[in-house]
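Peer 1: I'd like to ask some things about the structure below.
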Amino acid sequence: MRLPLIPTSELTAEQKPLYADMKQGIASNFNAFKTITEDGSLIGPWNAWLHEPQIGAAVWNLTKVMTAQATLPDSERQIAILVVGAHFDAAYEVYAHIAVAEKDGMSDARLSTLVAGCRPNDLSESEGCAYDVAFALVNGGVLPEPCYRQAVSLFGQHGANELIYLVGLYCMVSTTLNGFNVPVPERE
Numbered sequence: 000m001r002l003p004l005i006p007t008s009e010l011t012a013e014q015k016p017l018y019a020d021m022k023q024g025i026a027s028n029f030n031a032f033k034t035i036t037e038d039g040s041l042i043g044p045w046n047a048w049l050h051e052p053q054i055g056a057a058v059w060n061l062t063k064v065m066t067a068q069a070t071l072p073d074s075e076r077q078i079a080i081l082v083v084g085a086h087f088d089a090a091y092e093v094y095a096h097i098a099v100a101e102k103d104g105m106s107d108a109r110l111s112t113l114v115a116g117c118r119p120n121d122l123s124e125s126e127g128c129a130y131d132v133a134f135a136l137v138n139g140g141v142l143p144e145p146c147y148r149q150a151v152s153l154f155g156q157h158g159a160n161e162l163i164y165l166v167g168l169y170c171m172v173s174t175t176l177n178g179f180n181v182p183v184p185e186r187e
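Residue numbers for the sequence shown, in numbering that gives the first Met the number 0: 0 to 187.
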């Protein structure tokens, strides 16, 4: 880990409101995996965002909006996020979203296939679309027209937009986690 955890006693005046907002949001939306140490330090991407509170607040605000305003089904969201995490080999992201997907009932076989960077053969049409859009985007270039049209057909324009933004957000999260070599906590 390249950035030290920030104990609550060492938070600056600029970091304190961001910490409080992230801690509250984490408690209500990201409770399937470890996000905080016993002394109250935030781990995962949240620690990195605290180190640069202006940038961190902007990324956190986008994360909150993408979570609170989500219209895509949870399974499709988790598939897209796991495609991104597997592509970047972002250990904390994969750890966190395996936990979320398990909580939602995703099978070990499907999870194993996704984190191995492969397309599971048991996806519904909309899950397959989420996989294909995420896979195409993380592998670079313009999203192929058939993938885009299918996303719009299945999810509507708003849902297709959301899927594209979700992939972009988690590319940034993965890059943050990998850039700062954020470790995976022991699984409880």
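Ideal Cβ placement from N, Cα and C applies to all residues, glycine included.
Looking only at DSSP bridge pairs, what is leucine 153 linked to?
Peer 2: Paired residue(s): none; leucine 153 is not in a bridge.
Peer 1: Can you tell me the Cα-Cα spacing of tyrosine 94 and arginine 148, whole angstroms?
Peer 2: Those two C-alpha atoms are separated by around 31 Å.
Peer 1: Near glycine 39, which residues of its chain fall below 6 Å by C-beta distance, leaving aside the five closest residues on each side in sequence?
Peer 2: If we look at glycine 39 and ignore the five residues flanking it on each side, its Cβ neighbours are Thr7.
Peer 1: Let me confirm a value: serine 152 is counted as buried when at least 16 other C-beta atoms fall within 10 Å, else exposed. Which label applies?
Peer 2: Serine 152 should be labelled exposed.
Peer 1: If you draw a straight line from the C-alpha of serine 111 to the C-alpha of phenylalanine 87, how long is it?
Peer 2: Distance between the alpha carbons of serine 111 and phenylalanine 87 is about 16 Å.
Peer 1: With distances taken from CA atoms, which of Leu41, Met21, Glu37 is nearest lysine 63?
Peer 2: Of the listed residues, the one whose Cα sits closest to lysine 63 is Met21.
Peer 1: Work out the CA separation of threonine 66 and proline 44 for me, nearest whole Å.
Peer 2: So the alpha carbons of these two residues sit roughly 15 Å apart.
Peer 1: DSSP three-state call for leucine 176: helix, strand or coil?
Peer 2: Looking at leucine 176 - three-state DSSP - the assignment turns out to be helix.
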